[in-house]
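The sequence shown begins at 23 in my numbering and counts up by one. Cβ atoms here follow ideal geometry from the backbone N, Cα and C, with glycine treated the same way.
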Amino acid sequence: MLRYLNGGESHGKGLIAVLEGIPSGLPLTAADINRDLSRRQKGYGRGGRMRIEQDHVEFWSGIRKGMTLGTPITLHVANRDWENWKDIMAPEPGPPVTEKVVTCPRPGHADLVGAIKYNHRDIRNVLEKASARETAIRVAIGGVAKRLLAEFGIQVYSFTVEIGGVKASLKGLTTEQAFQQAEESEVRCPEADGSARMVERIREAKHKGDTLGGVFEVIVMNPPLGLGSYAQWDRRLTGRLAMALMSIQAMKGVEVGMGFESARKFGSEVHDEIFYERSTGFIRGTNNAGGLEGGITNGQPIVLRTAMKPIATLYSPKKSVDIQTKEPVEATIERSDICTVPAAGVVGEAVVAYEMAAALVEKFGGDTLDEMRRNYDSYQAYVKQF
Ligand code: EPS
Numbered sequence: 023m024l025r026y027l028n029g030g031e032s033h034g035k036g037l038i039a040v041l042e043g044i045p046s047g048l049p050l051t052a053a054d055i056n057r058d059l060s061r062r063q064k065g066y067g068r069g070g071r072m073r074i075e076q077d078h079v080e081f082w083s084g085i086r087k088g089m090t091l092g093t094p095i096t097l098h099v100a101n102r103d104w105e106n107w108k109d110i111m112a113p114e115p116g117p118p119v120t121e122k123v124v125t126c127p128r129p130g131h132a133d134l135v136g137a138i139k140y141n142h143r144d145i146r147n148v149l150e151k152a153s154a155r156e157t158a159i160r161v162a163i164g165g166v167a168k169r170l171l172a173e174f175g176i177q178v179y180s181f182t183v184e185i186g187g188v189k190a191s192l193k194g195l196t197t198e199q200a201f202q203q204a205e206e207s208e209v210r211c212p213e214a215d216g217s218a219r220m221v222e223r224i225r226e227a228k229h230k231g232d233t234l235g236g237v238f239e240v241i242v243m244n245p246p247l248g249l250g251s252y253a254q255w256d257r258r259l260t261g262r263l264a265m266a267l268m269s270i271q272a273m274k275g276v277e278v279g280m281g282f283e284s285a286r287k288f289g290s291e292v293h294d295e296i297f298y299e300r301s302t303g304f305i306r307g308t309n310n311a312g313g314l315e316g317g318i319t320n321g322q323p324i325v326l327r328t329a330m331k332p333i334a335t336l337y338s339p340k341k342s343v344d345i346q347t348k349e350p351v352e353a354t355i356e357r358s359d360i361c362t363v364p365a366a367g368v369v370g371e372a373v374v375a376y377e378m379a380a381a382l383v384e385k386f387g388g389d390t391l392d393e394m395r396r397n398y399d400s401y402q403a404y405v406k407q408f
């Protein structure tokens with residue numbers, strides 16, 4: 023079983039996670055993870071904080087000489103900004119630093135509900151962990167998961183398909199091409215024209231003191247048939263992947279394969295016909311199911327699209343109420359980003375990679391990577407002759 027917990031405040035000392043269940047004998051270096059941490063920090067529309075941080079992971083346990091030990095892996099990502107927040111965020115008892123106390127909740131943020139739920143009179147106590155800074159450590163966890171998946175030929179890709187209503191055209195591109203081209207784009211959009219229009223839209227939002235959301239796609243290539251199960255509701259991989267994506271800050275919807283469009287069509291236009299060839303076994307002509315049937319992978323690429331709402335912190339703030347005085351106010355203006363859809367795609371890859379690795383460990387798990395590989399190979403031989 024794979025599991026992890028994370029902790030860390032956005033302006034605290036750093037972010038930390040303990041990941042358990044990765045088999046022994048998996049080659050793993052900080053470089054594998056730092057690449058994704060750096061990809062997450064990029065993207066047109068990010069704010070000033072990203073000029074302060076330069077995220078990299080430190081392993082505190084579970085790895086020796088570039089190889090996993092089969093023991094819990096502790097990952098740490100430091101917050102450089104901590105230097106500027108030491109007094110404000112100090113764990114030791116003391117008076118609050120009054121100018122940094124937040125009392126005006128931002129509509130759309132965890133601010134108000136979090137303050138009432140946990141009885142905080144300083145909203146900073148809420149926003150620090152609710153912050154999307156947490157996604158840095160989730161990307162680090164996803165990096166470990168991706169290393170495990172790679173041993174089984176499974177790759178996880180993402181790209182931006184929409185920002186603020188501007189849609190990219192992906193016609194004629196393979197997944198690999200779309201991903202490669204997205205990596206060249208400052209909004210992680212595979213198409214040059216769409217990319218330029220998205221940048222323009224973000225510039226427009228910035229000018230107005232506004233923010234923008236969008237849609238990103240995550241694709242898992244080469245998953246084995248049979249991960250997840252229909253046998254119990256919480257083992258359905260479709261639900262687990264949707265939960266993972268919806269657990270990212272600011273996400274408002276997930277589509278699988280043809281998604282919402284399939285609700286507007288006849289069944290005959292939706293379902294992927296089954297064929298058989300001696301050399302390849304069972305094959306499909308289309309992939310409208312997005313690689314999942316009955317909550318189980320069917321061997322086709324997994325296709326997931328996630329909608330992100332615009333960021334809640336606006337430079338032209340909306341109406342709110344001060345939680346101390348109960349007087350109408352404008353919501354707090356915090357330093358913030360304008361659009362983080364490009365970064366969200368990288369986070370999407372990470373959370374999907376984690377769920378896929380968890381499902382892989384459940385099905386083929388062993389204490390060592392070799393044991394997992396033996397289980398995987400014998401199962402694949404079985405599927406081939408079915
Ligand atoms: C965030 C607010 C901003 C973002 C932050 C998420 O931070 P700050 O308030 O320090 O300017 O930069 O994102 C990150 C730090 C990150 O690493 O992605 C928020 O309130 O969610």
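Using C-beta distances below 7 Å, list every residue in its chain close to VAL161, excluding the 5 sequence neighbours before and after it, in chain order. Numbered from 1 along the sequence shown, position 139 holds the residue referred to as residue 161. So the list reads ASP58, LEU59, ARG62, VAL368, VAL369 and ALA372, once near-sequence residues are dropped.
Return yes when the Cβ of VAL178 is within less than 8 Å of the Cβ of LEU192, no when it is not. Here residue 192 corresponds to residue number 170 of the sequence shown, with the count starting at 1. Here residue 178 corresponds to residue number 156 of the sequence shown, with the count starting at 1. For LEU192 and VAL178, no; Cβs fall outside 8 Å.
Among GLN254, GLN202 and LYS274, which residue has its Cα nearest to the Cα of GLY236? The residue labelled residue 236 in the question sits at position 214 within the sequence shown. Answer by Cα proximity: LYS274.
For VAL135, does the count of other Cβ atoms within 10 angstroms reach 16, so buried, or fall short, so exposed? As a position in the sequence shown, residue 135 is number 113, starting the count at 1. VAL135 is exposed by the Cβ-count criterion.
Would the stretch 24-32 count as touching the stretch 323-336 if we require 3 or more Cβ pairs under 8 Å? no
Runs of alpha helix (DSSP H) wholly within the stretch 199-285 (minimum 4 residues, chain order): You should have 214-229 and 259-268.
Of the residues SER301, GLY88, VAL119 and ASP359, the one placed nearest LYS228, counting alpha carbons only: By 1-based counting over the sequence shown, the position of residue 228 is 206. The candidate whose alpha carbon is nearest that of LYS228 is ASP359.
Please find out if some non-hydrogen atom of ligand 1 comes closer than 7 Å to the beta-carbon of ALA379. Taking the sequence shown and counting its residues from 1, one reaches residue 379 at position 357. No - ligand 1 has no heavy atom lying nearer than 7 Å to the Cβ of ALA379.
LEU41 to ILE95, Cα distance in whole Å? The residue given as residue 41 occupies position 19 in the sequence shown. The residue given as residue 95 occupies position 73 in the sequence shown. Going by the C-alpha atoms only, they are around 5 Å apart.
Indicate, with yes or no, if ligand 1 has a heavy atom lying under 7 Å from the CB of GLY69. The sequence position of residue 69 within the sequence shown is 47, counting from 1. Taking non-hydrogen atoms of ligand 1 into account, the C-beta of GLY69 is found less than 7 Å away from one of them.
Helix, strand or coil for MET23 per DSSP? Your numbering for residue 23 matches position 1 in the sequence shown. Reduced to three states, the DSSP call for MET23 is coil.
Need the endpoints of the alpha helix (DSSP H) that GLY165 sits in, please. For the purposes of this step, residue 165 is identified with residue 143 of the sequence shown, where counting begins at 1. 157-172 is the extent of the alpha helix (DSSP H) around GLY165.
Residue from GLU393, GLU384 and VAL240 with nearest C-alpha to PHE201: Along the sequence shown, one-based indexing puts residue 201 at 179. Out of GLU393, GLU384 and VAL240, VAL240 has the C-alpha closest to the C-alpha of PHE201.
Just checking my contact of VAL242 with ILE176 at CB under 8 Å: how many whole Å lie between their CB atoms? Residue numbering aside, residue 242 sits at position 220 when the sequence shown is read from its first letter. Residue numbering aside, residue 176 sits at position 154 when the sequence shown is read from its first letter. So it is a contact: roughly 6 Å between Cβ atoms.
Out of curiosity, what's the CA-to-CA distance linking THR51 and VAL99? Within the sequence shown, numbered from 1, the residue matching residue 51 stands at position 29. Within the sequence shown, numbered from 1, the residue matching residue 99 stands at position 77. C-alpha separation (whole angstroms): 14 Å.
Distance, ASP389 Cα to ASN397 Cα: Looking up residue 397 in the sequence shown gives position 375. Looking up residue 389 in the sequence shown gives position 367. If I take the Cα positions, the gap works out to 12 Å.
Taking the alpha helix (DSSP H) that ILE55 belongs to, which residues open and close that run? In the sequence shown, counting from the first residue as 1, residue 55 sits at position 33. If you look at ILE55, you'll find it in the alpha helix (DSSP H) that goes 52-63.
Would you check whether ligand 2 has a heavy atom nearer than 7 Å to the C-beta of ARG61? The model on display carries ligand 1 but not ligand 2.
Go ahead and pull the three-state DSSP assignment for PRO49. Along the sequence shown, read from residue 1 onward, the residue named residue 49 stands at position 27. Shown here, PRO49 sits in a strand according to DSSP, grouped into three states.
Ends of the alpha helix (DSSP H) at ALA379? Your numbering for residue 379 matches position 357 in the sequence shown. Residues 363-386.
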